[in-house]
Amino acid sequence: MSQLVKHEPGTGTGLPSNPRDSSSPGLPAERSKGRLIRRLLAGCAVIGALFFAYELGARATLPERERQHEDAPNAAPGAEDLAQHARADERAAGAASPPVPPVDPGPPSSEPAESPRGPSPREHRDRVLRELRASGPDHRLFAPASAVVDAWTSKLAKLGAAGTFEPLECYAKGCSVTVVHASAVKAEEATEVITRTGEFHGWQAGKMRSGLIEHDGDRVEVTWILDAPPPDSPVLPEALPRDNLDELVERGSGR
Numbered sequence: 004m005s006q007l008v009k010h011e012p013g014t015g016t017g018l019p020s021n022p023r024d025s026s027s028p029g030l031p032a033e034r035s036k037g038r039l040i041r042r043l044l045a046g047c048a049v050i051g052a053l054f055f056a057y058e059l060g061a062r063a064t065l066p067e068r069e070r071q072h073e074d075a076p077n078a079a080p081g082a083e084d085l086a087q088h089a090r091a092d093e094r095a096a097g098a099a100s101p102p103v104p105p106v107d108p109g110p111p112s113s114e115p116a117e118s119p120r121g122p123s124p125r126e127h128r129d130r131v132l133r134e135l136r137a138s139g140p141d142h143r144l145f146a147p148a149s150a151v152v153d154a155w156t157s158k159l160a161k162l163g164a165a166g167t168f169e170p171l172e173c174y175a176k177g178c179s180v181t182v183v184h185a186s187a188v189k190a191e192e193a194t195e196v197i198t199r200t201g202e203f204h205g206w207q208a209g210k211m212r213s214g215l216i217e218h219d220g221d222r223v224e225v226t227w228i229l230d231a232p233p234p235d236s237p238v239l240p241e242a243l244p245r246d247n248l249d250e251l252v253e254r255g256s257g258r
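4 is the number of the first residue of the sequence shown in this note's numbering; add one for each residue after it.
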């Protein structure tokens, strides 16, 4: 039995009239590939649309972010900004208030500033006497101190610088005797005599005289302090130093 074959004009071959019909094995693969390409293209389109929308949103909010960035320093000023504002306020206050005229200090005072007041001669003398009396009595010093005071009294009378000696006081820390003179000049003359006597230099401990303490009228008084020597030391030596009164005697005879 013979098969009918359709011949295409000019081909000279006898092939089926539709070589790519549904019975061809390569057709499903080509269709699947086409669907995959279409899906890829659709995905790319979606990604591009999303990116485009993001760009539009970012550009729309950019002015607002820039305004927030510009307003941030104003919301929280730094130390430098605060200092600038403070200087500006000071300049404004200075410009608003009238200038204060300078105050004339006047001529300088001719009187010097007063220095802190120290204790008076009487206050100092009384403090020393309180310390002596607080040490308690000591009869060891009374006899030698009496010999010294008697010698002073005699020598002051011979040189015209006599004074009135008050009772001698002796304590464990030393002895004291107060002398009243007719004037400050007589008190200084008596001091020069006493400090030249052998009894003064022979006393084996410290000696001092208070300052001039004003008394009634022109009279002044001074207090002599004879410190106590150590317990194991003599109060006076066996032989006293020589008096140094020759100059005062010559000075007194020349008057």
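Using N, Cα and C, we set each Cβ at its ideal position, and we do this for glycine too.
- As the crow flies, the alpha-carbon of GLY166 is around 16 Å from that of SER149.
- For LYS176, DSSP assigns no beta-bridge partner whatsoever.
- For THR156, the uninterrupted alpha helix (DSSP H) segment begins and ends at 145-161.
- Looking at the DSSP output, ARG212 shares a beta bridge with TRP227.
- PRO140: not part of any alpha helix (DSSP H); DSSP gives it neither H nor E.
- Using a Cβ distance threshold of 8 Å, GLY209 and LEU239 do not count as a contacting pair.
- In the assembly as shown, CYS178 is a buried residue. Its beta-carbon has 16 or more other beta-carbons within 10 Å.
- Here PRO147 is buried: its Cβ has 16 or more other Cβ atoms, across all protein chains shown, within 10 Å.
- In this model, SER157 and VAL183 are separated by some 15 Å (Cα to Cα).
- Spanning the alpha carbons of ALA231 and ASN247 requires a straight line of approximately 24 Å.
- Straight-line spacing of the CA atoms in GLY139 and ALA185 works out to 33 Å.
- Distance from the CA atom of ALA190 to the CA atom of VAL225, rounded to whole angstroms, is 8 Å.
- By the criterion of a C-beta distance shorter than 7 Å, PHE203 is surrounded in its chain by ILE197, LYS210, once the five residues flanking it on both sides are discounted.
- In the three-state scheme derived from DSSP, where H, G and I count as helix and E and B as strand, GLU169 is classed as coil.
- Counting along the chain, VAL238 sits inside no alpha helix (DSSP H), nor does DSSP assign it H or E at all.
- For a cut-off of 8 Å, the C-beta gap from TYR174 to LEU229 is around 11 Å, too long to register as a contact.
- GLN207 sits away from PRO244, with the two beta carbons spaced by 8 Å or more.
- If you draw a straight line from the Cα of LEU159 to the Cα of ARG125, it comes to about 24 Å.
- If the five residues before and after TRP155 are omitted, its C-beta is found closer than 7 Å to the C-beta atoms of ILE197, THR200, GLU202, all from its own chain and listed in chain order.
- Judged by DSSP in its simplified three-state form, THR194 adopts helix.
- The straight-line gap separating the alpha-carbon atoms of PRO119 and HIS127 is approximately 16 Å.
- Between VAL180 and GLU169, the C-beta gap is smaller than 8 Å, which places the two residues in contact.
- Rounded to whole angstroms, the gap between the alpha carbons of ASP219 and LYS161 is 25 Å.
- It is roughly 28 Å from the alpha-carbon of SER213 to the alpha-carbon of GLU253.
- In the DSSP assignment, HIS204 falls within the alpha helix (DSSP H) that extends over 201-205.
- By DSSP's assignment, GLU217 forms a beta bridge with VAL223.
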